[in-house]
Amino acid sequence: MISRRFWLSTAVLALTVSSLSPVAASAAPRPSDAARPLQRDADALRDAGVTGVAVRLDTPRGTVTARSGVADLDTRRPVPQDGYLRLGSTTKTFVATVVLQLVGEKRLSLDRTVEELLPGVVSGAGNDGRTITLRDLLRHTSGLPEYISDVFPKTDAQTYLANRWRAYQPEELVALALRHEPVFPAGTRWEYSNTNYVLAGMIIKKVTGRTWEQEVHDRILRPLGLRHTATPGASPFLPGPHATNYQQFAQDGPLVDTTIPYRPFDSGADGSMTGTARDLNRFFSALAGGQLLEPAELAAMRETVPMPPDSGHPEGTRDGLGLFFTPLSCGGGYLGHGGNGFGYELQAATTTDGRRTVTVSAHSRSADPGVAARQEDAVRGLIDRALCGRG
1267 MISRRFWLST AVLALTVSSL SPVAASAAPR PSDAARPLQR DADALRDAGV TGVAVRLDTP
1327 RGTVTARSGV ADLDTRRPVP QDGYLRLGST TKTFVATVVL QLVGEKRLSL DRTVEELLPG
1387 VVSGAGNDGR TITLRDLLRH TSGLPEYISD VFPKTDAQTY LANRWRAYQP EELVALALRH
1447 EPVFPAGTRW EYSNTNYVLA GMIIKKVTGR TWEQEVHDRI LRPLGLRHTA TPGASPFLPG
1507 PHATNYQQFA QDGPLVDTTI PYRPFDSGAD GSMTGTARDL NRFFSALAGG QLLEPAELAA
1567 MRETVPMPPD SGHPEGTRDG LGLFFTPLSC GGGYLGHGGN GFGYELQAAT TTDGRRTVTV
1627 SAHSRSADPG VAARQEDAVR GLIDRALCGR G
């Protein structure tokens, strides 16, 4: 899992949902010779049990797309071309980019502590903002506890349906997290925590006087012409066209339509944005190509720390500031970030020069660990082959 939010394992009571059924191939046009390898990998992900799959690969030679499965289990309509997606934790890369732009403007320093930036906010239960730097927040070395279990205490469909409309203020989420002891002393280890980026969003507002959403729009979306990317905040509705997202909450249980997000953890700087694969590829290509950050700040973003073997990422992956580096089988590696939530997983990745960029979206998630692992492997293999240029 990209966000390492939680594993889903408990039983689901009777609900009016779509039943598990074989996923049919979409009615997409036959792929060209250039698209055939990508289509084959998309079909393999569908065959691993994902209801709907969409892939977009942008290279200097042009764009290649692939779709597989269906957008909706009831109508069996095809997955839309360049449909709208939930970006989930990929939001963090946008937020980190804004922070680093502020660093380049000398309005922030990566070595400033959270206590200096947000006095009195991070304290209690052994958490101490005086020991945590802004750099620690952006690369998940803060040791701050996760808030997710507090807003989703029971991992079942009933909890999702009962609480999905509730939204929290950033300060409330931080307060929930800080009821727990730190996972480790700041700077000594790595562990993913969404709390880090809730705080990063708060810091942007403190420094600029404007919300992180406004800063992302004015600094990134508007200059790059990303007209189909949005920071909807607590709004639960995904623009059309889009595929339906389905979550299986228990092994052998039904697929629940989770296209409406779980607002307690899908409405802030840690994971609320929506967009399209076209826009997302444009963003990552521009970022890697140096169009959004000056060389010093881009270099800082790409300074990485090792991650433990159980991080849920491919072997050899290292974490930078809102950006992961993953080795490629053909040599070198790629930069990217993924996002997931109930019923969807998204991966965006680009070669380090920004010349080849791919976004993969999968529109269902299984509660079976074995099935989920096979789907993860299929996504990773697809990205590796797409960026290596192999069929």
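Sequential numbering of the sequence shown, starting at 1267, is according to the numbering used here.
Cβ atoms here follow ideal geometry from the backbone N, Cα and C, with glycine treated the same way.
- What are the residues that DSSP puts in a beta bridge with TYR1610? Taking the sequence shown and counting its residues from 1, one reaches residue 1610 at position 344. In DSSP, TYR1610 forms a bridge with GLY1607.
- Task: Tell me whether ASP1338 is buried or exposed, calling it buried when 16 or more other Cβ atoms sit within 10 Å of its Cβ.
- Result: Taking the sequence shown and counting its residues from 1, the one referred to as residue 1338 is at position 72. Note on ASP1338: 16 or more other CB atoms within 10 angstroms of its CB, so buried under the neighbour-count rule.
- Query: What separation, rounded to the nearest whole angstrom, lies between the Cα atoms of GLY1537 and TYR1350?
  - Reply: Mapped onto the sequence shown, residue 1537 falls at position 271. Mapped onto the sequence shown, residue 1350 falls at position 84. Roughly 15 Å between the two C-alpha positions.
- Item | Pairwise C-alpha distance: MET1468 and LEU1374 | If you number the sequence shown from 1, residue 1374 lands on position 108. If you number the sequence shown from 1, residue 1468 lands on position 202. C-alpha of LEU1374 to C-alpha of MET1468: approximately 13 Å in a straight line.
- For THR1616, which beta-bridge partners are listed by DSSP? Counting from 1 along the sequence shown, the entry for residue 1616 is found at position 350. Paired residues: LEU1601, THR1623.
- Alpha carbon to alpha carbon, how far is ARG1622 from GLY1328? Give it in angstroms, no decimals. Indexing the sequence shown from 1 puts residue 1328 at position 62. Indexing the sequence shown from 1 puts residue 1622 at position 356. Straight-line spacing of the CA atoms in GLY1328 and ARG1622 works out to 10 Å.
- If you draw a straight line from the alpha carbon of ASN1462 to that of ASP1299, how long is it in whole angstroms? Translated into the one-based positions of the sequence shown, residue 1462 becomes position 196. Translated into the one-based positions of the sequence shown, residue 1299 becomes position 33. Roughly 44 Å between the two C-alpha positions.
- With DSSP as the reference, label ASP1402 as helix, strand or coil. If you number the sequence shown from 1, residue 1402 lands on position 136. Assigned with DSSP and collapsed to three states, ASP1402 falls in helix.
- Task: Could you tell me whether the Cβ atoms of LEU1653 and ALA1614 are closer together than 9 Å?
- Result: For the purposes of this step, residue 1653 is taken as residue 387 along the sequence shown, with counting starting at 1. For the purposes of this step, residue 1614 is taken as residue 348 along the sequence shown, with counting starting at 1. Their beta carbons are not under 9 Å apart, which means LEU1653 does not touch ALA1614 by this criterion.
- Through-space distance from LEU1376 to ALA1639, alpha-carbon basis: Position 373 of the sequence shown, counted from the start, is the residue given in the question as residue 1639. Position 110 of the sequence shown, counted from the start, is the residue given in the question as residue 1376. Computed Cα separation, rounded: 36 Å.
- Host beta strand (DSSP E) of ASP1523 (start-end): Reading the sequence shown from its first residue, position 257 is the one you call residue 1523. Note, ASP1523: beta strand (DSSP E), 1521–1523.
- Would you decide whether TRP1456 is buried or exposed? Buried here means 16 or more other CB atoms lie within 10 Å of its CB. The count along the sequence shown starts at 1 and reaches residue 1456 at position 190. Buried is the call here.
- Query: Do three or more CB pairs link the stretch 1568–1578 to the stretch 1474–1487 at distances below 8 Å?
  - Reply: The stretch 1568–1578 is not in contact with the stretch 1474–1487.
- Do you know how far the Cα of ARG1352 is from the Cα of VAL1361? As a position in the sequence shown, residue 1361 is number 95, starting the count at 1. As a position in the sequence shown, residue 1352 is number 86, starting the count at 1. Between VAL1361 and ARG1352, the C-alpha separation is close to 16 Å.
- As assigned by DSSP and simplified to three states, the class of GLY1506: As a position in the sequence shown, residue 1506 is number 240, starting the count at 1. GLY1506 sits in coil when the DSSP states are folded into three classes, being neither helix nor strand.
- Task: Could you pull out every residue in the same chain whose Cβ sits closer than 7 Å to the Cβ of LEU1594, ignoring the five residues on either side in sequence?
- Result: In the sequence shown, counting from the first residue as 1, residue 1594 sits at position 328. Sequence-distant partners of LEU1594 (beyond 5 residues in either direction) whose C-beta falls short of 7 Å from its own C-beta, in its chain, are TYR1600, ASP1650, LEU1653, CYS1654.
- Item | Coil, strand or helix - ARG1488 by DSSP | Sequence index remark: in the sequence shown, residue 1488 carries index 222 (1-based). Three-state DSSP puts ARG1488 in a helix.
- Message: Bridge partners for TYR1512 per DSSP, in chain order?
- Response: Numbered from 1 along the sequence shown, position 246 holds the residue referred to as residue 1512. ASP1523, SER1630, per the DSSP bridge assignment.
- So, is LEU1648 buried or exposed, given that buried needs 16 or more other C-beta atoms within 10 angstroms? Counted from its first residue, the sequence shown places residue 1648 at position 382. By the neighbour-count rule (16 or more Cβ atoms within 10 Å), LEU1648 is buried.
- Task: Could you check the C-alpha separation between ALA1562 and ASN1547 for me, to the nearest Å?
- Result: Within the sequence shown, residue 1562 is the residue found at index 296, counting from 1. Within the sequence shown, residue 1547 is the residue found at index 281, counting from 1. The straight-line gap from Cα to Cα measures roughly 23 Å.
- Message: For SER1627 and ALA1543, which I take to be in contact (beta-carbon distance under 8 Å), what is that distance rounded to the nearest angstrom?
- Response: Here residue 1627 corresponds to residue number 361 of the sequence shown, with the count starting at 1. Here residue 1543 corresponds to residue number 277 of the sequence shown, with the count starting at 1. The pair is a contact, with the Cβ atoms about 7 Å apart (cut-off 8 Å).
- Would you give the residue range spanned by the alpha helix (DSSP H) that PHE1360 belongs to? Position 94 of the sequence shown holds residue 1360. Taken as a continuous stretch (DSSP letters only), the alpha helix (DSSP H) holding PHE1360 covers 1357–1370.
- Do you know how far the Cα of PRO1326 is from the Cα of GLU1438? On the sequence shown, position 172 is the one that residue 1438 refers to. On the sequence shown, position 60 is the one that residue 1326 refers to. Near 45 Å, if we compare the C-alpha coordinates of PRO1326 and GLU1438.
- Message: The alpha helix (DSSP H) that contains PRO1436, what's its start and end?
- Response: If you number the sequence shown from 1, residue 1436 lands on position 170. Counting along the chain, PRO1436 sits inside the alpha helix (DSSP H) bounded by residues 1436–1443.
- Tell me where the alpha helix (DSSP H) around ALA1259 begins and ends. Residue 1259 lies beyond the residue range present for the chain, which begins at 1267 and ends at 1657; the question has no answer from this structure.
- Message: Tell me which residues share the same chain as ALA1308 and place their Cβ nearer than 6 Å to its Cβ, disregarding the 5 neighbours each side in the sequence.
- Response: Counted from its first residue, the sequence shown places residue 1308 at position 42. Around ALA1308, the same chain offers VAL1319, VAL1321, ALA1332, SER1334 as residues with beta carbons nearer than 6 Å, after the five sequence neighbours per side are excluded.
- Message: Helix, strand or coil for SER1275? Go by DSSP, reduced to three states.
- Response: The residue you call residue 1275 lines up with position 9 of the sequence shown. The predicted model places SER1275 with a pLDDT of 36, which falls under 50 and marks its position as unreliable; any figure quoted below should be read in that light. Three-state result, SER1275: coil.
- Query: Can GLY1588 and THR1407 be called in contact, C-beta distance under 9 Å?
  - Reply: To locate residue 1588, count along the sequence shown from 1; it is residue 322. To locate residue 1407, count along the sequence shown from 1; it is residue 141. No, Cβ-Cβ distance for GLY1588 and THR1407 is not below 9 Å.
- Item | Secondary structure of ASP1576, DSSP reduced to three states | As a first step, residue 1576 is located in the sequence shown; it is residue number 310 there, counting from the start. In this structure, ASP1576 counts as coil in the three-state DSSP scheme.
- Message: Taking the straight line between their C-alpha atoms, what separation do you get for GLU1560 and HIS1579?
- Response: Residue 1560 sits at position 294 when you count from the first residue of the sequence shown. Residue 1579 sits at position 313 when you count from the first residue of the sequence shown. GLU1560 and HIS1579: Cα-Cα distance of roughly 28 Å.
- Item | Contact check, SER1533 vs GLY1620, beta carbons under 9 Å | Walking along the sequence shown from the start, residue 1533 turns up at place 267. Walking along the sequence shown from the start, residue 1620 turns up at place 354. Not a contact, by the Cβ cut-off of 9 Å.
- Message: Does VAL1380 come out as helix, strand or coil in the three-state DSSP assignment?
- Response: By one-based count along the sequence shown, residue 1380 stands at place 114. VAL1380 falls in the helix class under three-state DSSP.
- Task: Give me whichever residues DSSP pairs with ALA1423 in a beta bridge.
- Result: Counting from 1 along the sequence shown, the entry for residue 1423 is found at position 157. In DSSP, ALA1423 forms no bridge with anything.
- Query: By DSSP, does ARG1343 sit in helix, in strand, or in coil?
  - Reply: Within the sequence shown, residue 1343 is the residue found at index 77, counting from 1. The answer is coil: DSSP assigns ARG1343 none of H, G, I, E or B.
- Query: Which one or two residues does DSSP pair with VAL1321 in a beta bridge?
  - Reply: Position 55 of the sequence shown, counted from the first residue, corresponds to residue 1321. Answer is ALA1332, VAL1626.
- Would you list the one or two residues that DSSP bridges to GLY1390? Within the sequence shown, the letter at position 124 stands for residue 1390. GLY1390 pairs with ASN1393.
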